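Asker: The structure under discussion is supplied below as structure tokens; questions concerning it will follow.
Number of protein chains: 2
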Amino acid sequence: MDIHWIGFDADDTLWVNERLYREARTRFDALLASYGIDLAVANRRVDEIEVQNLQWYGYGVMSFGLSLIEAAVDLTQGRISGQGISQVLELTKDMITAEVELLEGAEQALAELSSAHPLLLITKGEPNHQHSKIERSGLRRHFRQVEIVPDKTPASYAEILKRQAVEPERFLMVGNSLKSDILPVVAMGGWAIHIPSDLTWEHEVVEIPPELRSRVFEVAALSELAPFIDTLKGSGTDRETPARRAGTG
Amino acid sequence: MDIHWIGFDADDTLWVNERLYREARTRFDALLASYGIDLAVANRRVDEIEVQNLQWYGYGVMSFGLSLIEAAVDLTQGRISGQGISQVLELTKDMITAEVELLEGAEQALAELSSAHPLLLITKGEPNHQHSKIERSGLRRHFRQVEIVPDKTPASYAEILKRQAVEPERFLMVGNSLKSDILPVVAMGGWAIHIPSDLTWEHEVVEIPPELRSRVFEVAALSELAPFIDTLKGSGTDRETPARRAGTG
Numbered sequence: 002m003d004i005h006w007i008g009f010d011a012d013d014t015l016w017v018n019e020r021l022y023r024e025a026r027t028r029f030d031a032l033l034a035s036y037g038i039d040l041a042v043a044n045r046r047v048d049e050i051e052v053q054n055l056q057w058y059g060y061g062v063m064s065f066g067l068s069l070i071e072a073a074v075d076l077t078q079g080r081i082s083g084q085g086i087s088q089v090l091e092l093t094k095d096m097i098t099a100e101v102e103l104l105e106g107a108e109q110a111l112a113e114l115s116s117a118h119p120l121l122l123i124t125k126g127e128p129n130h131q132h133s134k135i136e137r138s139g140l141r142r143h144f145r146q147v148e149i150v151p152d153k154t155p156a157s158y159a160e161i162l163k164r165q166a167v168e169p170e171r172f173l174m175v176g177n178s179l180k181s182d183i184l185p186v187v188a189m190g191g192w193a194i195h196i197p198s199d200l201t202w203e204h205e206v207v208e209i210p211p212e213l214r215s216r217v218f219e220v221a222a223l224s225e226l227a228p229f230i231d232t233l234k235g236s237g238t239d240r241e242t243p244a245r246r247a248g249t250g
Numbered sequence: 002m003d004i005h006w007i008g009f010d011a012d013d014t015l016w017v018n019e020r021l022y023r024e025a026r027t028r029f030d031a032l033l034a035s036y037g038i039d040l041a042v043a044n045r046r047v048d049e050i051e052v053q054n055l056q057w058y059g060y061g062v063m064s065f066g067l068s069l070i071e072a073a074v075d076l077t078q079g080r081i082s083g084q085g086i087s088q089v090l091e092l093t094k095d096m097i098t099a100e101v102e103l104l105e106g107a108e109q110a111l112a113e114l115s116s117a118h119p120l121l122l123i124t125k126g127e128p129n130h131q132h133s134k135i136e137r138s139g140l141r142r143h144f145r146q147v148e149i150v151p152d153k154t155p156a157s158y159a160e161i162l163k164r165q166a167v168e169p170e171r172f173l174m175v176g177n178s179l180k181s182d183i184l185p186v187v188a189m190g191g192w193a194i195h196i197p198s199d200l201t202w203e204h205e206v207v208e209i210p211p212e213l214r215s216r217v218f219e220v221a222a223l224s225e226l227a228p229f230i231d232t233l234k235g236s237g238t239d240r241e242t243p244a245r246r247a248g249t250g
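Here the protein sequences line up with chains A and B, keeping their order. Per our numbering, the first sequence starts with residue 2, numbered consecutively. Per our numbering, the second sequence starts with residue 2, numbered consecutively.
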């Protein structure tokens, strides 16, 4: 294998993200509970509104905040108070300003890999917030380029690689999301390393088709990434590699 | 002058944008009026909240919608109803799904210029919404590259030009906003053509320092753009050009 360029996802690959969404949902649940709302019913409805709104709002914290506000009105049948709405605005802003908490080994993995590989940061969501997190993370200097896309599709990866004149065959993507980081990249002829996260949004979980699984590897933690990529580079593509191949993650 | 690459702003340069914000504010005013709020006072407060929130939410319709919701709670002192909040969510979604209305001459100007120049579309805001508008505009095919940035600063232009290996001296930016399209580009050694828009957000109006004014030109309409750029290319940089030089716009 002749991998040269390496792409990294950011949210839940380099730093904590999903936990902030879960914590916000817990605060939102407490608000709903104060209106006597059944939380089991409510949670399904919130999920539904959130996914439905992706087509208009895209991915990110503002999208999430607007969906929670819509859900609050919907679930309370309009009884939500101005004070309740303020609480949702506040938890949205708290998510935006939350400290960037790096995952263990992020800094070292990037430092090791960037000496031999041009690194790309490829993330989806709201650019203002994503750029702010990248700056505050202290990790910007390891990356040749930062790409923020509305959604991670085969087309969006193809455009990024074309712009950098990178052959898919020489590109490896590292991330926690099978849907966004792994499937689109291997579907276009690249390689991927899946690092499962403790918490992953269920919307980001998909099945990798059997014929593509040989292009997907799995490592358990960022600390294992650089040594694993070294062994990959020394290996053929058609024999078993030291780490187990990923199934559906 | 040896201009080769041409950048275009999109909102209020190629298609109608500010009018949608004004119409949304009119709907919002009607909502506030139904609570007996003094609109003169309210408008100042809404502007203040909107500009204050740019640091967290960035530019775009979701940012605007979240600011209106915050303003609705603030100005009604929490009396806003769930139904009122729904109206704000609805006007936000209406803005996102609004038909893209091209400004007169947009299609032809791009068709003419793209035969001799690589064109870049450079816009700020929420990528999901901006990409959707670009696709729906039918103008995507004229552009070599689309760049969506969180804010239009000298640094963001410098990064785009570096990535395309374009010398600032050979780059010309076309747009309606002195703050976002004109000043940062001429400040880094590029050239700019200002096409004033009927409506411009007051936040986007700045003074161009006298020493930079010789790098800024003004044309009245998109239909005059391609002929004007032709005359520019045939001219020196130190004599008066056929169109008047822009002052502060």
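We put the beta carbon where it would ideally sit given N, CA and C, even for glycine. Here the structure is a predicted model, which means the values were calculated and not measured.
Could you check if residue 52/B is buried or exposed, using at least 16 other CB atoms within 10 Å of its CB as the buried criterion?
Answerer: Sequence index remark: in the second sequence, residue 52/B carries index 51 (1-based). With fewer than 16 other Cβ atoms within 10 Å, it is exposed.
Asker: Are at least three pairs of beta-carbons, each pair with one atom in the segment 93-111 of chain A and one in the segment 61-76 of chain A, less than 8 Å apart?
Answerer: Verdict: yes, contact present.
Asker: Can you find a C-beta in chain B that's less than 9 Å from the C-beta of residue 98/A?
Answerer: Working through the first sequence from its first residue, we reach residue 98/A at position 97. Chain B contact via Cβ: present.
Asker: Suppose you measure from the CA of residue 235/A to the CA of residue 114/A; what does that come to, to the nearest Å?
Answerer: As a first step, residue 235/A must be located in the first sequence, where it is residue number 234. As a first step, residue 114/A must be located in the first sequence, where it is residue number 113. Approximately 15 Å between the Cα atoms of the pair.
Asker: By DSSP, does residue 8/B sit in helix, in strand, or in coil?
Answerer: Position 7 of the second sequence, counted from the start, is the residue given in the question as residue 8/B. Residue state, collapsed to three classes: strand.
Asker: May I ask you to list, following chain order, the residues of the segment 78-105 of chain B that have a beta carbon less than 8 Å from some beta carbon of chain A?
Answerer: Going along the segment 78-105 of chain B in chain order, one finds 78, 79, 80, 81, 82, 83, 84, 86, 87, 90, 93, 94, 97, 98 with a Cβ nearer than 8 Å to chain A.
Asker: Pick helix, strand or coil for residue 146/A, following the three-state DSSP scheme.
Answerer: Walking along the first sequence from the start, residue 146/A turns up at place 145. Residue 146/A: strand per DSSP, three-state reduction.
Asker: Please identify, using Cβ separations under 8 Å, the residues of the segment 140-161 of chain A that lie next to chain B, in order along the chain.
Answerer: Answer set for the segment 140-161 of chain A: 146, 149, 150, 151, 152.
Asker: Alpha carbon to alpha carbon, how far is residue 218/A from residue 184/A?
Answerer: Sequence index remark: in the first sequence, residue 218/A carries index 217 (1-based). Sequence index remark: in the first sequence, residue 184/A carries index 183 (1-based). Those two C-alpha atoms are separated by around 12 Å.
Asker: Can you name the residues of chain A whose CB is closer than 8 Å to the CB of residue 67/B?
Answerer: Translated into positions along the second sequence, residue 67/B becomes position 66. Near residue 67/B (Cβ distances below 8 Å), the residues of chain A are 63, 66, 67, 90, 93.
Asker: Leaving out the 5 sequence neighbours to the left and right, which residues in its chain are closer than 8 Å to residue 110/B when beta-carbon positions are compared?
Answerer: As a first step, residue 110/B must be located in the second sequence, where it is residue number 109. Closer than 8 Å at Cβ, skipping near neighbours: 223, 224, 226, 227.
Asker: So what does DSSP say about residue 135/B, is it helix, strand or coil?
Answerer: Locating residue 135/B in the second sequence gives position 134, counting from the first residue. Residue state, collapsed to three classes: helix.
Asker: Considering only C-alpha positions, which residue in the set 33/A, 120/A, 107/A is nearest to residue 139/A?
Answerer: The residue labelled residue 139/A in the question sits at position 138 within the first sequence. That would be 107/A, whose Cα lies nearest to the Cα of residue 139/A.
Asker: Note down the Cα distance separating residue 233/B from residue 127/A, rounded to an integer number of angstroms.
Answerer: Looking up residue 233/B in the second sequence gives position 232. Looking up residue 127/A in the first sequence gives position 126. Taking the straight line from one Cα to the other gives about 38 Å.
Asker: Would a C-beta distance cut-off of 9 Å place residue 1/B and residue 38/B closer than the cut-off?
Answerer: A question about residue 1/B goes unanswered here, because the residues of chain B that appear run from 2 up to 250.
Asker: Quick check on the burial criterion: 16 or more other C-beta atoms within 10 angstroms. Buried or exposed for residue 120/B?
Answerer: Locating residue 120/B in the second sequence gives position 119, where the first residue counts as 1. Residue 120/B is buried by the Cβ-count criterion.
Asker: Quick check: the Cα distance between residue 61/A and residue 70/A, rounded to an integer number of angstroms?
Answerer: Along the first sequence, read from residue 1 onward, the residue named residue 61/A stands at position 60. Along the first sequence, read from residue 1 onward, the residue named residue 70/A stands at position 69. Each residue's Cα considered, the two are about 15 Å apart.
Asker: Do you know whose CA, among 212/A, 192/A, 176/A, lies nearest residue 199/A's CA?
Answerer: As a first step, residue 199/A is located in the first sequence; it is residue number 198 there, counting from the start. Nearest C-alpha to residue 199/A: 176/A.
Asker: In or out: residue 74/A buried (at least 16 other Cβ within 10 Å) or exposed?
Answerer: Position 73 of the first sequence, counted from the first residue, corresponds to residue 74/A. Looking at its Cβ environment, which holds 16 or more other Cβ atoms inside 10 Å, residue 74/A is buried.
Asker: What are the boundary residues of the beta strand (DSSP E) that residue 194/A is part of?
Answerer: For the purposes of this step, residue 194/A is taken as residue 193 along the first sequence, with counting starting at 1. 192-195 is the span of the beta strand (DSSP E), which, as asked, contains residue 194/A.
Asker: For residue 74/A, return the contacting residues in chain B, with the cut-off set at a CB-CB distance below 7 Å.
Answerer: In the first sequence, residue 74/A corresponds to position 73, counting from 1. 83, 86, 87, listed in chain order.
Asker: Can you pull the chain A neighbours of residue 118/B, defined as C-beta to C-beta under 8 Å?
Answerer: For the purposes of this step, residue 118/B is taken as residue 117 along the second sequence, with counting starting at 1. Within 8 Å Cβ-Cβ: nothing; residue 118/B doesn't reach chain A, min ~19 Å.
Asker: Alpha carbon to alpha carbon, how far is residue 17/A from residue 35/A? Give it in angstroms, no decimals.
Answerer: Position 34 of the first sequence holds residue 35/A. Position 16 of the first sequence holds residue 17/A. So the alpha carbons of these two residues sit roughly 29 Å apart.
Asker: Can you find the residues in the same chain that come closer than 7 Å, C-beta to C-beta, to residue 245/B, ignoring five residues on each side of it along the sequence?
Answerer: Translated into positions along the second sequence, residue 245/B becomes position 244. Caution is warranted here: a pLDDT of 47 is assigned to residue 245/B, below 50, making its placement in the model unreliable, and the coordinate value is therefore given only provisionally. Correct list, in chain order: 219.
Asker: Closer than 7 Å between beta carbons: that is the criterion. Which residues of the segment 34-65 of chain A meet it against chain B?
Answerer: Listed in sequence order: 57, 58, 59, 63, 64.
Asker: Check whether the Cβ atoms of residue 124/A and residue 101/A sit closer than 9 Å, and answer yes or no.
Answerer: Taking the first residue of the first sequence as position 1, residue 124/A is located at position 123. Taking the first residue of the first sequence as position 1, residue 101/A is located at position 100. No, they are not a contact pair.
Asker: Would you tell me roughly how many angstroms separate the C-alpha atoms of residue 80/A and residue 58/A, rounded to the nearest one?
Answerer: The residue you call residue 80/A lines up with position 79 of the first sequence. The residue you call residue 58/A lines up with position 57 of the first sequence. Going by the C-alpha atoms only, they are around 25 Å apart.
Asker: Cβ of residue 225/A less than 9 Å from any chain B Cβ?
Answerer: Position 224 of the first sequence, counting from 1, holds the residue named residue 225/A. So no, residue 225/A is outside the interface.
Asker: Quick one: does residue 123/A have its CB under 9 Å from some CB of chain B?
Answerer: Within the first sequence, the letter at position 122 stands for residue 123/A. No, residue 123/A does not count as interfacial toward chain B.
Asker: The ligand GDP and residue 135/B: does any heavy atom of the ligand fall closer than 8 Å to the residue's C-beta?
Answerer: With respect to the ligand GDP, the structure offers nothing, as it holds no ligand at all.
Asker: Let me know if residue 182/A comes out buried or exposed under the rule of 16 or more other beta-carbons within 10 Å of its beta-carbon.
Answerer: Residue mapping note: residue 182/A aligns to position 181 of the first sequence, counting from 1. So residue 182/A ends up on the buried side.
Asker: Are there 16 or more other CB atoms within 10 angstroms of the CB of residue 116/B, so buried, or fewer, so exposed?
Answerer: Residue mapping note: residue 116/B aligns to position 115 of the second sequence, counting from 1. Classification of residue 116/B: exposed, given that the 10 Å Cβ count is below 16.
Asker: Give the DSSP-derived three-state secondary structure of residue 89/A in the structure shown.
Answerer: For the purposes of this step, residue 89/A is taken as residue 88 along the first sequence, with counting starting at 1. Residue 89/A falls in the helix class under three-state DSSP.
Asker: Is there a Cβ from chain B that is less than 9 Å from the Cβ of residue 70/A?
Answerer: As a working note, residue 70/A is residue 69 in the first sequence. So, interface residue.
Asker: Could you have a look at residue 225/A and say whether DSSP puts it in helix, strand or coil?
Answerer: What you label residue 225/A is simply residue 224 of the first sequence in a count that begins at 1. Residue state, collapsed to three classes: helix.
Asker: I believe residue 131/A touches residue 146/A by the beta-carbon criterion, under 8 Å. Please report the beta-carbon distance rounded to the nearest angstrom.
Answerer: Residue numbering aside, residue 131/A sits at position 130 when the first sequence is read from its first letter. Residue numbering aside, residue 146/A sits at position 145 when the first sequence is read from its first letter. About 14 Å separates the two Cβ atoms, so there is no contact after all.
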